[in-house]
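Shown next, in structure tokens, is the structure this report addresses.
2 protein chains.
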Amino acid sequence: MVTPRQERGQPAAGGGRRPTIKTVAARAGVGRTTVSRVLNGSPLVSDEARTAVLTAIAELNFVPSSVARSLVTSRTDSIALVIPESESRLGSEPYFSAVIRGVSEALAGTQLQLLLILVRDQRELDRLQEFLTAGRVDGVLLVSVHRDDPLPGLLEELGLPTVLAGRRSAEEPLPHVHSDNVGGSAEAVRHLLARGRSEIATITGPLDMDVGSSRLRGWREALVGAGAPADESLVAPGDFTEEGGRLAMRALLERHPRLDAVFAASDVMAAGALAELRRAGRQVPDDVALVGFDDSIVARHTEPSLTSVRQQVEEIGRTITELLFQEIACGGSARFPVVLPTSLIVRASS
Amino acid sequence: MVTPRQERGQPAAGGGRRPTIKTVAARAGVGRTTVSRVLNGSPLVSDEARTAVLTAIAELNFVPSSVARSLVTSRTDSIALVIPESESRLGSEPYFSAVIRGVSEALAGTQLQLLLILVRDQRELDRLQEFLTAGRVDGVLLVSVHRDDPLPGLLEELGLPTVLAGRRSAEEPLPHVHSDNVGGSAEAVRHLLARGRSEIATITGPLDMDVGSSRLRGWREALVGAGAPADESLVAPGDFTEEGGRLAMRALLERHPRLDAVFAASDVMAAGALAELRRAGRQVPDDVALVGFDDSIVARHTEPSLTSVRQQVEEIGRTITELLFQEIACGGSARFPVVLPTSLIVRASS
DNA sequence: ACTTCGTTTGGGATCGATCCCAACGGGCTT
DNA sequence: AAGCCCGTTGGGATCGATCCCAAACGAAGT
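Protein chains in written order, with my numbering: chain F, 505 to 854; chain X, 505 to 854.
As structure tokens, this is what we get:
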């Protein structure tokens, strides 16, 4: 009794199954092609026929089957947002949420649907690869790419329209969008210099990611630009996690007990560093000034609240989506990378 | 060597398009039906034929078109996760991220894909409705439902398998999963009572949502259970936002300058309340003890750190997904709601 | 030897849309 | 009146899979 409907001769009142384009055509007294033309907004339809079709559609509550359409047009009207979660950052960082929001917003006016694909391990990567090869999406958004990520290359080979948030390296051939990581970091460090700090350490992100190395570069360039030597032992590698920030901070304090400022490449790491500084009896900002990156919620709620470099993450989501539209429509016409500006939000920690 | 094979005979060289089941059949020297049987793991295939087909598939790098399959099976092998964003909570709350992670995890072993649909306004709701009527997904996960939400009713009418995270009311007919909101809140309040607090206020969530009213009920029940009168003027409505928490706290302080504890129905609101308490010169926890709900990142980073009721959000995501599997497979067999336990995490604020 | 049974097999029809192309009718030209 | 073009129209083929059903085959039973 799972399928309760009984089939009558005609599609009797109750409407057992969903109406098809054929039902509509019969009702409107026209051919299937005419209905199809109305659906696709073709101008080669008389007003008379058009209104007949439209009323039939309304009466039958007809919605065209996108599956059938996809089969013949070989478009799917959907795109994939791929998020690698090897570092399980989705939980700790609102970054991905903001990207998702931006993407979804850009999608709002269109007919496109969003497929969200989290990739945790090799098995899921294989499955994704098959999924992409099967042509189940018209385009792909790739977030948080690593230097040696195999996915962008695969997508290039497949010829599937792709846009990255971030980049593998400075020579990224695929269209992409990223924040001005170098500039933002440099501004943060210059801010610390302006506050009279002289021994400025940095906790970096993963250095096999462009975000990681670029923010480190910003730190270095700002110091060099100020005529200060960029002492490489003031660099401690982190991994964007709180625990990583804590450990990096501990290492830095051991090597440089007299450091008076720290620039962390993410707020979450800064929060970890903050805890470690407190544990070591350092006052923030009196003994050590601290600046983070992202301007996430945590930045507002630490004590003291955290000076941080704000990036427009939602805007990144919007922009990659719009670039993807272009890629899909005209196939990689203008592939200039887009760089979004950052801004320094000064709070109590510096 | 990306597309190595050129086909002799029929589809002239180039190998331009993806291979179809027909190509595979020809190569393996069998009929289309046999290939289809192999693909679907039917036992009615000789070992000989099977291996022939499998090697042909491997050589041609064949991936079946899920679109064509959907057309005939009328399954889409994808489900939708619908998130209403009218309150734009996705940004401020890691709640949705955690649900997404749980859902994605439960999906990992299956062939199902996840469609993420954020609904911001009426226009997007209409579009969603059309989308669902078009049968573009096999099932729907609905998160954060309001009492008078039109969506669950629509889905019931459509007969589309649906599972809710949360519920419209205590009499929710649709299968659903939620945290023990009443129990968790009650535990929080009992904890405050045990700490010797006597004038315990509460900042609620939206009261047109079950999470909101249930957490309020927990507060009330704990007080009544302790023989204390539940003074309704100690209730201040919030909206799960930081600003809402701040305003609610201000109102409470005006009405009850001598209150000595506050239970907020979310960490984010608690953070807002905390800021307002500090502004008003109250010490936490000395003058006023504070407890939140969710145990999100903010709870660990406020100063003082926040005592909070932890709920297993990721588990909610996993569970609704598994329930949806059952709904899709056997059509609403066991529709008992699942209630997940909460636990109180005590920190410095109480 | 002939039926009967069960295992394998493959061709034709089907799902519901789009696209190609031939046909229709009427207003204009010649 | 014949010819032609143009705006409309609809039937048939197509996309790439699954499903129904009949057929081929060898083995087993009478």
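Don't be surprised by glycine CBs; every beta carbon is placed ideally from N, CA and C.
As the structure is a computational prediction, the values presented were derived from the model and not from experiment.
In this structure, does DSSP put residue i in helix, strand or coil?
{"i": "Arg-699 of chain F", "result": "coil"}
{"i": "Gly-595 of chain F", "result": "Because Gly-595 of chain F sits at a pLDDT of 43, beneath the cut-off of 50, its placement in the model cannot be relied upon, and the point is left open."}
{"i": "Leu-810 of chain X", "result": "coil"}
{"i": "Asp-551 of chain X", "result": "helix"}
{"i": "Ala-765 of chain F", "result": "strand"}
{"i": "His-680 of chain X", "result": "strand"}
{"i": "Asp-798 of chain X", "result": "strand"}
{"i": "Ala-740 of chain X", "result": "strand"}
{"i": "Val-607 of chain X", "result": "helix"}
{"i": "Val-623 of chain F", "result": "strand"}
{"i": "Ala-788 of chain X", "result": "Note that residue 788 of chain X corresponds to Val in the displayed sequence, not to Ala. Here Val-788 of chain X sits in coil by DSSP."}
{"i": "Ala-705 of chain X", "result": "strand"}
{"i": "Ala-852 of chain X", "result": "coil"}
{"i": "Gly-585 of chain F", "result": "In the sequence as presented, Gly is not what sits at residue 585 of chain F; that position holds Leu. Strand."}
{"i": "Leu-781 of chain X", "result": "helix"}
{"i": "Ala-793 of chain F", "result": "strand"}
{"i": "Leu-868 of chain X", "result": "In the structure as shown, chain X begins at 505 and stops at 854. Residue 868 of chain X is therefore absent and cannot be evaluated."}
{"i": "Val-557 of chain F", "result": "helix"}
Under 8 angstroms, Cβ to Cβ, is there at least one residue of chain F near residue i?
{"i": "Arg-640 of chain X", "result": "yes"}
{"i": "Phe-797 of chain X", "result": "no"}
{"i": "Leu-678 of chain X", "result": "no"}
{"i": "Arg-512 of chain X", "result": "Confidence at Arg-512 of chain X is low in this model, with a pLDDT of 32, below 50, so the placement of that residue should be treated as unreliable; the coordinate-derived value is given next. Chain F contact via Cβ: absent."}
{"i": "Leu-594 of chain X", "result": "Only weak support exists for where Leu-594 of chain X lies, its pLDDT of 44 falling under 50; the coordinates are left without a value."}
{"i": "Val-459 of chain X", "result": "What the structure shows of chain X is the stretch from 505 to 854, and residue 459 of chain X is not part of that stretch, so it cannot be assessed."}
{"i": "Glu-661 of chain X", "result": "no"}
{"i": "Ala-775 of chain X", "result": "yes"}
{"i": "Phe-600 of chain X", "result": "yes"}
{"i": "Ile-604 of chain X", "result": "yes"}
{"i": "Gly-688 of chain X", "result": "no"}
{"i": "Ser-608 of chain X", "result": "yes"}
{"i": "Gln-816 of chain X", "result": "no"}
Against chain X, does residue i count as a neighbour if the rule is that its beta carbon must be under 8 angstroms from one of theirs?
{"i": "Leu-751 of chain F", "result": "no"}
{"i": "Gln-617 of chain F", "result": "yes"}
{"i": "Glu-703 of chain F", "result": "no"}
What does residue i touch in chain X if you count any residue whose Cβ is under 7 angstroms from its own?
{"i": "Thr-825 of chain F", "result": "By Cβ distance, chain X contributes nothing, its closest Cβ being about 13 angstroms from Thr-825 of chain F, past 7 angstroms."}
Taking residue i as the query, report the chain F residues whose CB atoms sit under 8 angstroms from its CB, ordered along the chain.
{"i": "Phe-829 of chain X", "result": "Those do not exist, as Phe-829 of chain X stays about 16 angstroms from chain F at its closest Cβ, beyond 8 angstroms."}
Output, in chain order, the set of chain F residues within a Cβ distance shorter than 7 angstroms of residue i.
{"i": "Ile-583 of chain X", "result": "Chain F residues near Ile-583 of chain X: none, gap ~11 angstroms exceeds 7 angstroms."}
{"i": "Ile-707 of chain X", "result": "Here the premise fails: no neighbours, minimum Cβ distance about 17 angstroms."}
{"i": "Val-788 of chain X", "result": "Under the 7 angstroms cutoff, chain F gives no residues; its nearest Cβ is about 11 angstroms from Val-788 of chain X."}
{"i": "Glu-634 of chain X", "result": "Val-567"}
Residue i touches chain X at which residues, Cβ-Cβ below 9 angstroms?
{"i": "Arg-453 of chain F", "result": "Past the boundaries of the shown model lies residue 453 of chain F; chain F is included only from 505 to 854, so the question cannot be answered."}
{"i": "Ala-612 of chain F", "result": "Leu-622, Arg-624, Asp-625, Arg-627, Glu-628 and Arg-631"}
Mind pulling the chain X residues with CB within less than 8 angstroms of residue i?
{"i": "Val-802 of chain F", "result": "Ile-801, Val-802 and His-805"}
{"i": "Ser-572 of chain F", "result": "Position check: residue 572 of chain F holds Ala in this sequence, whereas Ser was assumed. Neighbours of Ala-572 of chain F on chain X, chain order: Leu-575."}
> Three or more beta-carbon pairs under 8 angstroms between the stretch 793-808 of chain X and the stretch 834-853 of chain X, yes or no?
Replying inline: Yes: the two stretches touch, three or more of their Cβ pairs being nearer than 8 angstroms.
>> For the structure I just gave you, are there three or more beta carbon pairs, one from the stretch 694-705 of chain X and one from the stretch 730-745 of chain X, closer than 8 angstroms?
In response: Flag = yes, the stretch 694-705 of chain X and the stretch 730-745 of chain X touch.
>> At 4 residues or longer, what runs of the alpha helix (DSSP H) sit wholly inside the stretch 628-693 of chain F?
In response: Segments of the alpha helix (DSSP H) lying fully in the stretch 628-693 of chain F: 654-662.
> Taking only runs of the alpha helix (DSSP H) that begin and end inside the stretch 817-850 of chain X, which ones reach a length of at least 4 residues, in chain order?
Replying inline: If we require 4 residues or more, the alpha helix (DSSP H) runs fully inside the stretch 817-850 of chain X come out as 817-834.
>> Closer than 8 angstroms is the cut-off here; do at least three beta carbon pairs connect the stretch 556-575 of chain X with the stretch 776-794 of chain X?
In response: Short answer: they don't touch.
> Is the stretch 750-765 of chain F in contact with the stretch 712-728 of chain F, if contact means three or more CB pairs nearer than 8 angstroms?
Replying inline: Short answer: they don't touch.
> Would you call the stretch 618-630 of chain X and the stretch 808-824 of chain X touching, i.e. three or more CB-CB distances under 8 angstroms?
Replying inline: The answer is no - the stretch 808-824 of chain X does not touch the stretch 618-630 of chain X, with fewer than three Cβ pairs under 8 angstroms.
>> I want to know whether the stretch 677-697 of chain F touches the stretch 837-848 of chain F - three or more CB-CB distances under 8 angstroms.
In response: A contact exists between the stretch 677-697 of chain F and the stretch 837-848 of chain F.
> Counting pairs of Cβ atoms below 8 angstroms between the stretch 528-547 of chain X and the stretch 580-590 of chain X, do you hit three or more?
Replying inline: No: fewer than three Cβ pairs fall under 8 angstroms.
>> Three Cβ pairs or more, each shorter than 8 angstroms: is that satisfied between the stretch 641-652 of chain F and the stretch 708-716 of chain F?
In response: The stretch 641-652 of chain F vs the stretch 708-716 of chain F: in contact.
>> Three Cβ pairs or more, each shorter than 8 angstroms: is that satisfied between the stretch 630-645 of chain F and the stretch 650-660 of chain X?
In response: The answer is no - the stretch 650-660 of chain X does not touch the stretch 630-645 of chain F, with fewer than three Cβ pairs under 8 angstroms.
> Looking at C-beta atoms only, is the number of pairs between the stretch 682-692 of chain X and the stretch 737-755 of chain X that lie closer than 8 angstroms three or more?
Replying inline: No, the stretch 682-692 of chain X is not in contact with the stretch 737-755 of chain X.
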